[in-house]
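In the numbering used here, the protein residues as written are 124 to 538.
Think of the CB as a built atom: it goes at the ideal place given N, C-alpha and C, for glycine as much as any other residue.
Please read the structure below before turning to the comments.
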């Protein structure tokens, strides 16, 4: 665990976590940071816990001692969000200090009792409530429900103008030596762009409308620093991560980068031949192509890649009168994550019977995805020259639809 000063009287405790599934689901190939914060005035508060702590008292004493904080003197535990990657340390902490007050929303208070038992000293806060720690350190609390649990809130420190945003404005990805936006190299900026997209699409995407409300609320504060629960701290240009999250919300509703993702599967290579052909057409047209073969690709990567693309090609054969199951399952998950309004085109082979198209329609309609489809191309067995010509026509029509959804159009639509 690292201790990093982010402002006068405020330190971040951060550690990298790897070899885990985030929320028990999402593969995080590049790890993730867990960030908690110490705010010290005359009294001391921990914001969002020290989940990386191993539970051994001496470890916590050593880590906090380096920033002149005695764990026994901590007065407040501020729980912005009850998910155990932020709150799971509470039980161990009670072994060191059983005289503290938990600050949280009413919905979080119920979860604290459910998760960790009764008997905690809890102070429920609502919009605008404050806590004066002394020496100029004054915290205020601002619920942002369903970002991404109903209990979530912001904590704002008015002296340093720091917004502790918990999961909001976070990203996957490990941090090494650089923890601040003004320290990062261009490669690290690109890295956290991609990891931010993966994080948003995997964790926050379902709740994009509520995230938009939280963005609006964050703009009400005078912010010098945004300090999230995962990923870098933004102290030079906090507006950047706000703009990024605004853009990611647009990706949820159909916009994307100038990329086409081919979401595909093939039993015996016949649909795969048309996939290879479509890829050549896209490359000829100067469009970046992402190929995701299911079920070989992880769900985390699949969702993130489709999410950020302006257009999607679904290439899947009929299998037992339905769509090739790994591709159907992928689309179901995209529906669960509310990835809507994408420009799309499907092609695929069949043998003695079709059926894939019918199941695709059922999934799209059931999840209210509202994808804008080019006419489907199906072929019996291996695609012939005529079939490939139809695939080419479909790809070009898809590009026309996707042109209106590339991210550059986001600002144009807003004007």
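Using a 10 angstroms sphere on the CB of residue 419, the tally of other CB atoms stays under 16, which defines it as exposed. If you compare the alpha carbons of 380, 357, 332 with that of residue 372, the shortest gap goes to 332. Per DSSP, residue 297 is not a residue of any alpha helix (DSSP H), being assigned neither H nor E.
Take residue 477, set aside five residues on each side of it, and the residues of its chain with a beta-carbon closer than 7 Å to its own are 441, 501, in chain order.
Collapsing the DSSP output to three states places residue 466 in a strand.
Considered as a whole, the stretch 366-396 harbours 380-387 as its complete beta strand (DSSP E) runs of no fewer than 3 residues, in chain order.
Sequence-distant partners of residue 269 (beyond 5 residues in either direction) whose C-beta falls short of 6 Å from its own C-beta, in its chain, are 330, 333. Spatial neighbours of residue 250 in its own chain (CB-CB distance under 7 Å, excluding positions within 5 residues in sequence) are listed in chain order as 265, 266. Look at residue 346 here: in three-state DSSP terms it is coil, with no helix or strand label. In this chain, residue 511 is not harboured by any beta strand (DSSP E); it is covered by the alpha helix (DSSP H) spanning 508-526.
In this structure, the alpha-carbon of residue 382 lies about 11 Å from that of residue 408. Among the bridge pairs identified by DSSP, residue 276 is matched with 266.
By the CB criterion at 7 Å, residue 166 and residue 198 fall inside the cutoff. Three or more beta-carbon pairs separated by less than 8 Å link the stretch 345-355 to the stretch 280-295, which places the two stretches in contact. Three or more Cβ pairs closer than 8 Å define a contact, and the stretch 375-391 meets that threshold against the stretch 432-440. Residue 378 and residue 370 have their C-alpha atoms some 9 Å from each other. If only complete runs of 3 or more residues are kept, the stretch 186-256 shows the beta strand (DSSP E) at 199-201, 224-227, 245-247, in order along the chain.
Boundaries of the beta strand (DSSP E) harbouring residue 416: 411-416, taken from the DSSP string. In this chain, the beta strand (DSSP E) harbouring residue 503 covers 500-503. The Cβ neighbour count for residue 244, taken over all protein chains shown within 10 Å, is under 16; the residue is labelled exposed. If you ignore the 5 residues before and after residue 216, its C-beta comes within less than 6 Å of no other C-beta in its own chain.
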